[in-house]
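Line by line, the protein sequences give chains A, B and C. The first sequence begins at 3 in this note's numbering and counts up by one. The second sequence begins at 8 in this note's numbering and counts up by one. The third sequence begins at 2 in this note's numbering and counts up by one.
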Amino acid sequence: MSSGVQDTYDRAVFGTWLYILSDFLFFGTLFAVYAFLQKGNDTNKLFSLKYAFGETLILLSSSTAAGLAGAYLHRKDRRNTLIYFFLAWILGAGFAALEFLNLFSIASRNYTWDQSAFLSAYFTLIGTHGLHIVFCLFWMIVLLLPLFFTQIRDVDVRRLTCFRMFWQFLNIVWIFIFTIVYLMGVDGYYG
Amino acid sequence: MLGRLGLEALKHDWIEYMAGVSIVGGGLFILVIITYFKLWKVLWKDWITSVDHKKIGIMYIVVAFLMLIKGLIDAIMMRAQQAIAVGASHGYLGEDHYQQIFTAHGAAMIFFVAMGAIFGIINLILPLQIGARDVAFPFLNNLSFWLFASGGFMIIVSLVIGVFAGTGWTCYPPLALPKYNPGVGVDYWLWSVQISGIGSLLSGINFLVTILKMRCPGMRLMRMPVFVWSVLATVVLVFVAFPILTANLGLLFTDRLFSTRFFDAAYGGNPMIYVNLFWAWGHPEVYILILPTFGMFSEIVPVFSRKRLFGYASMVWAILAILVLSFIVWLHHFFTMGGGPKVNAFFGIMTMVIAIPTGVKIFNWLFTMFRGKVQFSSPMHWFLGFVILFTIGGVAGVMLALPGIDFQLHNSLFLVAHFHTVIIGGVLFGFFAGFTFWFPKFTGFTLDEKLGKRAFWCWLIGFLLAFMPLYLLGFMGATRRLNRYDVADWQPLFIIAFIGVWFVFAGVGLQFLQIFRSVLTRKERIDTTGDPWDARNLEWSTTSPPPVYNFATIPSVEGRDAFWESKKTGKPLSQGPLEDIVMPKNTACGFIIGFLSFVFSFAMVWYIFWLAIASLVGILAAVIYRVYGEEHEYVIPKEELEKRL
Amino acid sequence: MKKKYKIATLILSCLVSVVGSIFIILRSDIPVLDPKGWIAQQEKDLLITTSLLLLIVIIPVFVFTLGFAYHYRENNPDARHEPNWEHNSIAECLWWGVPVFIILILSILTWKTTHQLDPFRPLDSTKEPVEVQVVALQWKWLFIYPKEGIATVNFLQFPENTPVNFTLTGDAPMNSFWIPRLGGQIYAMSGMRSKLHLIANEIGDFRGRAAHINGKGFAGMVFTARASSEEDFYSWGESVRNEGSLLDFASYQELAKPSQYVPVQYYTVNEDLFEKIIDQYKTPKLK
Chain A
3 MSSGVQDTYD
13 RAVFGTWLYI
23 LSDFLFFGTL
33 FAVYAFLQKG
43 NDTNKLFSLK
53 YAFGETLILL
63 SSSTAAGLAG
73 AYLHRKDRRN
83 TLIYFFLAWI
93 LGAGFAALEF
103 LNLFSIASRN
113 YTWDQSAFLS
123 AYFTLIGTHG
133 LHIVFCLFWM
143 IVLLLPLFFT
153 QIRDVDVRRL
163 TCFRMFWQFL
173 NIVWIFIFTI
183 VYLMGVDGYY
193 G
Chain B
8 MLGRLGLEAL
18 KHDWIEYMAG
28 VSIVGGGLFI
38 LVIITYFKLW
48 KVLWKDWITS
58 VDHKKIGIMY
68 IVVAFLMLIK
78 GLIDAIMMRA
88 QQAIAVGASH
98 GYLGEDHYQQ
108 IFTAHGAAMI
118 FFVAMGAIFG
128 IINLILPLQI
138 GARDVAFPFL
148 NNLSFWLFAS
158 GGFMIIVSLV
168 IGVFAGTGWT
178 CYPPLALPKY
188 NPGVGVDYWL
198 WSVQISGIGS
208 LLSGINFLVT
218 ILKMRCPGMR
228 LMRMPVFVWS
238 VLATVVLVFV
248 AFPILTANLG
258 LLFTDRLFST
268 RFFDAAYGGN
278 PMIYVNLFWA
288 WGHPEVYILI
298 LPTFGMFSEI
308 VPVFSRKRLF
318 GYASMVWAIL
328 AILVLSFIVW
338 LHHFFTMGGG
348 PKVNAFFGIM
358 TMVIAIPTGV
368 KIFNWLFTMF
378 RGKVQFSSPM
388 HWFLGFVILF
398 TIGGVAGVML
408 ALPGIDFQLH
418 NSLFLVAHFH
428 TVIIGGVLFG
438 FFAGFTFWFP
448 KFTGFTLDEK
458 LGKRAFWCWL
468 IGFLLAFMPL
478 YLLGFMGATR
488 RLNRYDVADW
498 QPLFIIAFIG
508 VWFVFAGVGL
518 QFLQIFRSVL
528 TRKERIDTTG
538 DPWDARNLEW
548 STTSPPPVYN
558 FATIPSVEGR
568 DAFWESKKTG
578 KPLSQGPLED
588 IVMPKNTACG
598 FIIGFLSFVF
608 SFAMVWYIFW
618 LAIASLVGIL
628 AAVIYRVYGE
638 EHEYVIPKEE
648 LEKRL
Chain C
2 MKKKYKIATL
12 ILSCLVSVVG
22 SIFIILRSDI
32 PVLDPKGWIA
42 QQEKDLLITT
52 SLLLLIVIIP
62 VFVFTLGFAY
72 HYRENNPDAR
82 HEPNWEHNSI
92 AECLWWGVPV
102 FIILILSILT
112 WKTTHQLDPF
122 RPLDSTKEPV
132 EVQVVALQWK
142 WLFIYPKEGI
152 ATVNFLQFPE
162 NTPVNFTLTG
172 DAPMNSFWIP
182 RLGGQIYAMS
192 GMRSKLHLIA
202 NEIGDFRGRA
212 AHINGKGFAG
222 MVFTARASSE
232 EDFYSWGESV
242 RNEGSLLDFA
252 SYQELAKPSQ
262 YVPVQYYTVN
272 EDLFEKIIDQ
282 YKTPKLK
């Protein structure tokens, strides 16, 4: 990359890191609220750990695919970039479907968010994560569309790298959700 | 079709009608003026779509001044009410109206006057002081401004259509929940703050990347002007604190629209969650407001003392200490909510500890004057007023930091006096000093000094008359947010305060006159050198006003006060040959997204959900257009630079 | 304006302000500085101590500000000008060190007094305390005396020199209970139980009010707290029992409906109303 393009790339990546940190704090607030409201509630009734573990594996695979896509992206390998991002997309869409299915099934068993603060926290935390995932799925299409028509340009490398970072951040948030909501909830950790 | 919006939304009492008519009339008048002078094209091309940090900075300040007028009128109305509403009198404002006024006053002043002024000055000065051509993300900068403006506009619209919240600017649940406030007021507050908050967060990230990635060659961190250090600390505070606010308001939003139960004690929720989260944002917020002001004074005092800033390293460490400490004091906003003595004492002690680096800074400024040659320009007037007022307000703050004292004075007018003293004496006086100091840089002429000094005295006298009585009223048992009271002893003090606010109003009037007169007589005070004050840092090394690219060649520095040293030694700053400059292109997308955000907010307030979805789709479309459709840059060829030189 | 007139105006306005302030202060009733209860007395002492300590900082700042500005003014030929003097270790040590020292003293004072003045801490007294349960409503205060079996609205009476143990809750938006002459405030929130311990050391009527905005009728949410002799307290209790209508949970719910500027009312109580009010906010957990 030329120095001007490199500068723009550096700033974009650094800016994305900062945005990710701020979004992490946003989720952190939701986590704190969730942990506070979890106390005294038996979350076993709500969800199965196996299901959550399945979701985790799918999202982790999606993240791996995105990582590989990123490597090919920097090599300007259009074909493989598209293939691996597509894989990441499919897995991500599958995860999102499972995540929302989880919420629907709980709601259909009459555990809706308006019944207690704890349920509000559960739905809001999972739902916010789900909305982030859905938006990213949409955004991935927006960013990948040009690649069907042109070779990978510098601007695509920059945008898709920043996107990949954000996608992997969402994965890390999910790991935290898996730990704080599912693993710790099942253990009776919250008392 | 129109959600819960109906003709009743336009029904108000006669005072509100007057306000609405003046706002709409004033707005129409401005539109007529623009049309008559055929300024639409210039406005669109050079301002609304501009991604130039200098233009954006000026727009922030314009919005801040407009919101200041609104906030001041609110203040006059409140003081008038409290001057007469004693005993049997209900005053001239009903409770609902009065409660909306103080809520709108607080929200407008904090989120739009103070934040607008601060972000305006940072936009104007930061890139120039670090020797950069613009901020890291110019489009984002433009977008942030329009989100900010759209949030402010929501408050204005609530004057005409519907009502504003009556909960106080902090909008605590349970009062803010639909059970007690089902109407549109709280929603107006929520969306106004939420949208402008997103703008602030994006600005924070923007400035942080700018400082860390775009300093000119040679400008190591310990060579940066202290103003830049203060901005660095400020934007770290922004980007840590604002996500908390976004999340908190998001929870209030879902509680109101989707019946979640975060803050509803009847369902296991707890309003203390809101209080904690609000102040976890809220305390860093007040440091976000004051730190840039400290930075501005660190620039101004050396120039008008003809002397180097005392204790540069100390100043930097004090800023960093304030940054870290501001995250561990938030509970002092609610000592009275039963946190227990250990928790209260801890937070009280931490709050007092913050006074230490703050005091250090004051002494460093005073000792910058020591053995200097002090020129009593109007920025120095504002500085001296600041030191006196901020010390008083700060000491009041340290008193409030002791839970034992706070138990008596929490939510009293003593508290109101404290925070107005530090915000007006600190943020506002600092902003006025900075505005006067840097005005010639962006316009090419200085402001009329005499009018500036008269405005200062009006502000100082007005402030003292308006707020010193409030300290006493706090001791007399007066709480804040009262629309009437039954203690005759309080009335004389409220009358004095009412007189004070008119002095402040006169001060603002003089400031507008100052700008007006200065423009008319500008030929007498033209800045031909770019450096009218014989100042110290890089922004003065370029022309007044600077060209759109700031510097023809990026300067290279070898120490602090680089421009000052260059003047003394005769060695020029810049190196390197002239090259083509790549500049970011203007764009309408920021304005469109900002405008659609306003439409979205309005639709969400009134439950016009199809419109909300449509505006979201529109925003997405604008973003996609930005990604696909636009050329983002243009090139200024070096031949053109040679011609200008 | 000529310089001497400017200075004359300045001095005159300062004098007028000082004299005017003293006049107003002497004529006014200032509860926080004129306490009638032990807690408020401690809080006032703390206020005075803190102010005096902080004067150690304020006075130098004011002196330096005005002094340096005056002495080092541009056209003063007697002033030394050292344009590059920017560092002095002793000076820095002084103004990092002295504030640290002052804050250290204040911190110790804070730790001690925060524990001593903790609203939840019962007062040291040999007398049997009066128990009052406070319910913050829209827009009035309900006071229940569980031992005496009475309840009042917007009026409170207790014997002097006797500790009063308040237990507070709300059935309304967040509220704060404050009797400035007797002590600091404490918040009263729905579903929660807070405590306040006050004592009146003199007979008298003390004004109390809500200190946190809770809606339209906020300004009217004032009440009177009366400290009387013990005999007067008991006879008052008797008269309330005789005059008062029964406040059961159903009539309580009527009372709890929003109303403003409610006059003093008396009731008798024969059930644990306070617990029932708090129970309204108990959610079953997900089990």
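Beta carbons: idealized from backbone N, C-alpha and C, even for Gly.
{"Asked": "Cβ atoms of residue 175 of chain C and residue 278 of chain B: under 8 angstroms apart, would you say?", "Found": "yes"}
{"Asked": "What number of angstroms, rounded off, separates the C-alpha of residue 155 of chain B from the C-alpha of residue 217 of chain B?", "Found": "20 angstroms"}
{"Asked": "In the DSSP assignment, find the unbroken alpha helix (DSSP H) run with residue 404 of chain B in it and report its ends.", "Found": "385-408"}
{"Asked": "Just tell me which of B:400, B:15, B:306 and B:338 has its CA closest to the CA of residue 545 of chain B.", "Found": "B:306"}
{"Asked": "Should residue 81 of chain A be flagged as near chain B, meaning a C-beta pair shorter than 8 angstroms?", "Found": "no"}
{"Asked": "Is the Cβ-Cβ distance between residue 209 of chain B and residue 151 of chain B less than 8 angstroms?", "Found": "yes"}
{"Asked": "Tell me whether the beta-carbon of residue 139 of chain A lies closer than 8 angstroms to the beta-carbon of residue 91 of chain A.", "Found": "yes"}
{"Asked": "Only counting the same chain, and skipping five residues up and downstream in sequence, which positions put a Cβ closer than 6 angstroms to that of residue 540 of chain B?", "Found": "310"}
{"Asked": "DSSP three-state call for residue 181 of chain C: helix, strand or coil?", "Found": "coil"}
{"Asked": "Rank B:389, B:103 and B:357 by C-alpha distance to the C-alpha of residue 461 of chain B and give the top, closest one.", "Found": "B:389"}
{"Asked": "Using a Cβ distance threshold of 8 angstroms, determine whether the stretch 423-431 of chain B contacts the stretch 375-382 of chain B, with at least three qualifying pairs required.", "Found": "no"}
{"Asked": "What residues are listed by DSSP as bridge partners for residue 156 of chain C?", "Found": "C:225"}
{"Asked": "Is the beta carbon of residue 62 of chain A closer than 8 angstroms to that of residue 163 of chain A?", "Found": "no"}
{"Asked": "Kindly list the residues whose CB is nearer than 6 angstroms to the CB of residue 29 of chain A, restricted to its own chain and excluding five residues on each side of it in sequence; keep chain order.", "Found": "175"}
{"Asked": "The stretch 104-131 of chain C: which residues have C-beta closer than 8 angstroms to a C-beta of chain B, in chain order?", "Found": "104, 107, 108, 110, 111, 112, 114, 115, 116, 117, 118, 119, 120, 121 and 122"}
{"Asked": "Determine the burial state of residue 530 of chain B: buried for a count of at least 16 other Cβ atoms within 10 Å of its Cβ, exposed for fewer.", "Found": "exposed"}
{"Asked": "Residue 186 of chain B CB to nearest chain A CB: under 8 angstroms?", "Found": "no"}
{"Asked": "What's the C-alpha gap between residue 89 of chain C and residue 321 of chain B?", "Found": "11 angstroms"}
{"Asked": "For residue 230 of chain C, count neighbouring Cβ atoms within 10 angstroms of its own Cβ and tell me buried if that reaches 16, exposed if not.", "Found": "exposed"}
{"Asked": "Residue 289 of chain C touches chain B at which residues, Cβ-Cβ below 9 angstroms?", "Found": "In this structure chain C extends from 2 to 288, so residue 289 of chain C is not present and cannot be described."}
{"Asked": "Measuring alpha carbon to alpha carbon, tell me which residue in C:33, C:168, C:215 and C:15 is nearest residue 479 of chain B.", "Found": "C:33"}
{"Asked": "Exposed or buried, what is residue 47 of chain C when buried is set at 16 or more other beta-carbons lying within 10 Å of its beta-carbon?", "Found": "buried"}
{"Asked": "Counting Cβ pairs closer than 8 angstroms, one from the stretch 486-493 of chain B and one from the stretch 206-219 of chain C, do we hit at least three?", "Found": "yes"}
{"Asked": "If the cut is a Cβ gap below 9 angstroms, which residues of chain B does residue 25 of chain A touch?", "Found": "250"}
{"Asked": "Does the CB of residue 271 of chain B have a neighbour CB from chain A at under 8 angstroms?", "Found": "yes"}
{"Asked": "If contacts are defined as beta-carbon pairs under 8 angstroms, then residue 440 of chain B and residue 304 of chain B qualify, I think. What distance do you get, rounded to the angstrom?", "Found": "7 angstroms"}
{"Asked": "Flag residue 183 of chain A as yes if its beta-carbon sits less than 8 angstroms from any beta-carbon of chain B, otherwise no.", "Found": "no"}
{"Asked": "For a contact defined as C-beta to C-beta under 9 angstroms, what are the partners of residue 224 of chain C on chain B?", "Found": "Those do not exist, as residue 224 of chain C stays about 12 angstroms from chain B at its closest Cβ, beyond 9 angstroms."}
{"Asked": "When you compare the CB of residue 13 of chain A with every CB in chain B, is at least one pair closer than 8 angstroms?", "Found": "yes"}
{"Asked": "Checking the sheet assignment: what are the DSSP bridge partners for residue 198 of chain C?", "Found": "C:166"}
{"Asked": "Let me know the secondary structure DSSP gives residue 118 of chain A once reduced to three states.", "Found": "coil"}
{"Asked": "Within the chosen definition, does the stretch 118-138 of chain C reach the stretch 236-250 of chain C through at least 3 CB pairs nearer than 8 angstroms?", "Found": "no"}
{"Asked": "Does the beta-carbon of residue 133 of chain B have 16 or more other beta-carbons within 10 angstroms, so that it is buried, or is it exposed?", "Found": "buried"}
{"Asked": "Entirely within the stretch 544-620 of chain B and at least 4 residues each: give me those alpha helix (DSSP H) ranges in chain order.", "Found": "569-576 and 596-612"}
{"Asked": "Tell me whether the beta-carbon of residue 131 of chain B lies closer than 8 angstroms to the beta-carbon of residue 557 of chain B.", "Found": "no"}
{"Asked": "Would DSSP call residue 211 of chain C helix, strand or coil?", "Found": "strand"}
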